[in-house]
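Working notes, structure below.
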Amino acid sequence: MEEEQYQTKQTPITNETLDSITQSKHEAMLSRLSNLHQSRLLQQSLTRNSSDSNSSFESTKSFLTNFSESKTSIESQLHLCRNPDSSKPTLKSDLNNISTSITDLERFVAENSYFLPSYEVRASLKTISDLKETLEIANSELLPKKKFSFKNKSVVKKEMSNAEPVVRVCDSVVAEKHSVQVRDSLGFRNEEGVVLVKHFGGAKEGDFTLSDLNGCEVRITGCFRALYIHRLKDCRVFVGPVLGSILIEEVEGCLFVLASHQIRIHHAKGTDFYLRVRSRPIVEDCNGVRFAPYVLDYEGIERDLKESSLDEETGNWENVDDFKWLRAVQSPNWSILPEEERVSGVNISSSEALSIDC
Amino acid sequence: MGLLSIIRKIKKKEKEMRILMVGLDNSGKTTIVLRINGEDTSVISPTLGFNIKTISYQKYTLNIWDVGGQRTIRSYWRNYFEQTDGLIWVVDSSDVRRLDDCKMELDNLLKEERLSGASLLILANKQDIQGALTPKEIAEVLNLDSMDRTRHWKIVGCSAYTGDGLLDGFDWLVQDIASRIYVLD
Ligand SMILES: Nc1nc2c(ncn2[C@@H]2O[C@H](COP(=O)(O)OP(=O)(O)OP(=O)(O)O)[C@@H](O)[C@H]2O)c(=O)[nH]1
Ligand SMILES: [Mg+2]
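If you read the protein sequences in the order shown, they are chains P and B.
Numbering (UniProt numbering) for the first sequence: 1 to 358.
Numbering (UniProt numbering) for the second sequence: 1 to 185.
Below is the structure:
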């Protein structure tokens, strides 16, 4: 990936240079590969018992080492700059260098964030945010105001001076209801105590909404593109494969059996989720939610799952990320549903039900 | 020589543009970036932090910052405002219920001093979904016409799924930034 970025940065790539770039890229790659190989060998000989040399653990460790080294170095540079005795002429460029180092560190986090545990990503972001803040303060304290007078000029109708960025904690929270009347999408809304059935006929089209349901049972078969769920209480919801994503907000005391490429769960309480999902499910502002693998069955589900590339069990149902949990230990907001409490399977193919056509 | 013209010089040499991509979670930001870069989009997790993509686009190098949109991490958006040339606001056109949320977050963003010079591209994404609102409808709900006169903006319907509309949007954005930054001096 790094490699690619270098290449795209070379401004004019002519045919002649391309060859030499490819060549040197190739050589660089070979030498990195052989280095990697060497260090792997070394590692292997160090840890005879390869059982604990989990590679993602290793790379997390080396990420953390690198990260904290850079962090320490940036902090000490910042400290030097703020030392009152040092009214150095290089102050400005020093601060600029620090800014560059922070950006580099940020890039480093971004490049590694795909394998890092969520806690590490959040913690690193926080660190970077803090470093930037310290730098900003140092900038405004140490550098002559001149810089800002320029800034004032370049920006129209600026009233605040170099004040710190205003955090707008939803100052317009009383959001006006949108005045424009928009049509609603397909869905089941405002029902109580009924069984709701919907079948999608293979076209893989459209989205569907479930909202404001109380004590209902919902059965949806076939593939479709997106599912939005909002304000459900004491419901049981069984859904065939969703090609895109499912967004769930404000549910309580429910049971969901869902398959999708992405699942986001916000503000859920006391609810069980039986999931098959291609990426990591995420929860935010939830508590008492539990997870188990997908158990749905109906006639033709294999074909539907396959068509939506959800035929393989990825094991992601238990790789839940809690956006509200900053620590490395297990979040108290969710857990794995104990096997003896799981429902064994749900078949919705031939059950009689009130069918609502929509 | 003023600082601004120095910055222009530097940028001109590198022909680099910094683009910030934000919007509510689930709107399709990461999918759009990967699609435009020709990468595999079959497994994408909700973004926990942010991604940076450096891609060549026409004769420019775009530095695209794709920042996660989950509510908890929206407060980090402001870390990325500095030096933004272009702002892309992505909307899930089939998520009608959260359009209020979407409008509120966009309005807050546009009040941000540090983004006041940035060109704004609004991508009305997921147009492939039957029942998605049209760009025109989205523009009405977001009340785009009442935006500050000085802002350069455009709304484009697109689908990260099929790729439709993405190039139209990016073409406009890159041209608009280029005409502001590189032609001036
Ligand atoms: N049908 C359809 N689905 C889309 C489209 N774009 C994205 N999606 C789906 O929408 C879901 C969310 O996409 P992401 O790219 O992860 O969204 P994001 O904006 O990056 O979300 P956060 O990282 O949480 O802020 C995924 O399941 C995508 O497959 C589109 O144009 N059409
Ligand atoms: Mg994302």
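All C-beta atoms, glycine included, are put in the ideal place defined by N, C-alpha and C.
Small disclaimer: the values here were computed from a predicted structure and weren't measured.
- Per the C-alpha coordinates, the member of B:A178, B:T54, B:W172, B:Y57 positioned closest to I122 of chain B is B:W172.
- For a Cβ distance threshold of 9 Å, residue set S45, P46, L48 of chain B lies close to D321 of chain P, ordered along the chain.
- Classified as buried, P241 of chain P has 16 or more neighbouring CB atoms from the shown chains inside 10 Å of its CB.
- The residue among B:R35, B:K15, B:L48, B:M21 with its C-alpha nearest the C-alpha of F115 of chain P is B:L48.
- Counting C-beta pairs with one atom in each stretch, the stretch 186-199 of chain P and the stretch 207-225 of chain P have three or more that are closer than 8 Å, which means they touch.
- Using a 10 angstroms sphere on the CB of H261 of chain P, the tally of other CB atoms reaches 16 or more, which defines it as buried.
- Minimum Cα-Cα distance from T65 of chain P among the listed residues P:T271, P:F108, P:G288 corresponds to P:F108.
- Note: M147 of chain B is not bridge-paired with any residue in the DSSP secondary-structure output.
- Neighbours of G131 of chain B in chain P, taken as residues at a C-beta separation under 7 Å, are given in chain order as S185, L186, G206, D207.
- Taking each of B:R180, B:N51, B:D92 in turn and checking the Cα distance to A118 of chain B, the smallest one comes out for B:R180.
- Straight across, the Cα-Cα distance linking V320 of chain P with P281 of chain P is about 5 Å.
- Between K233 of chain P and G201 of chain P, the gap from beta carbon to beta carbon reaches 8 Å or more.
- Per DSSP, F224 of chain P is one residue of the beta strand (DSSP E) stretching across 224-233.
- Assignment of N66 of chain P by DSSP, reduced to helix, strand and coil, places it in the helix class.
- If you check the CB distance, I98 of chain P and L78 of chain P come in under 8 Å.
- Residues of the stretch 279-292 of chain P with a C-beta atom less than 9 Å from some C-beta of chain B are S279, R280, P281, I282, E284, D285, listed in chain order.
- Between L210 of chain P and R225 of chain P, the C-beta spacing is not below 8 Å.
- With respect to D92 of chain B, N26 of chain B sits close: the two C-beta atoms are nearer than 8 Å.
- Distances from the alpha-carbon of E69 of chain P to those of P:E192, P:Q330, P:L105, P:E341 put P:L105 closest.
- Here N125 of chain B really is in contact with I32 of chain B; their C-beta atoms are around 7 Å apart, less than 8 Å.
- Judged by beta-carbon spacing, I177 of chain B lies within the 8 Å limit of G86 of chain B, meaning their Cβ atoms are closer than that value.
- Going by DSSP, V197 of chain P is part of no alpha helix (DSSP H) but of the beta strand (DSSP E) stretching over 195-199.
- Between I248 of chain P and I265 of chain P, the beta carbon gap of about 5 Å places them in contact (Cβ cut-off 8 Å).
- At a cut-off of 8 Å between C-beta atoms, A138 of chain P does not count as an interface residue with respect to chain B.
- Residues C223, P241, L243 of the same chain have their beta carbon placed closer than 6 Å to that of S308 of chain P, with the five preceding and five following residues left out of the count.
- Per DSSP, the beta-bridge partners of L296 of chain P are P:V346.
- Collapsing the DSSP output to three states places H79 of chain P in a helix.
- Distances between the C-beta of I64 of chain B and the heavy atoms of ligand 1 are all 7 Å or more.
- In the DSSP assignment, V251 of chain P falls within the beta strand (DSSP E) that extends over 236-252.
- When the five nearest sequence neighbours on each side are left out, the beta carbons in the same chain lying within less than 8 Å of the beta carbon of C81 of chain P are those of L91, D94, L95, I98, A138, L142, in order along the chain.
- Nearest CB-CB separation between D145 of chain B and chain P: not below the 8 Å threshold.
- Taking 7 Å as the cut-off between beta carbons, the residues of the stretch 226-249 of chain P near chain B are A226, Y228, H230, S245, L247, in sequence order.
- Contact between Q70 of chain B and E250 of chain P is ruled out by a C-beta separation of about 16 Å, above the 8 Å threshold.
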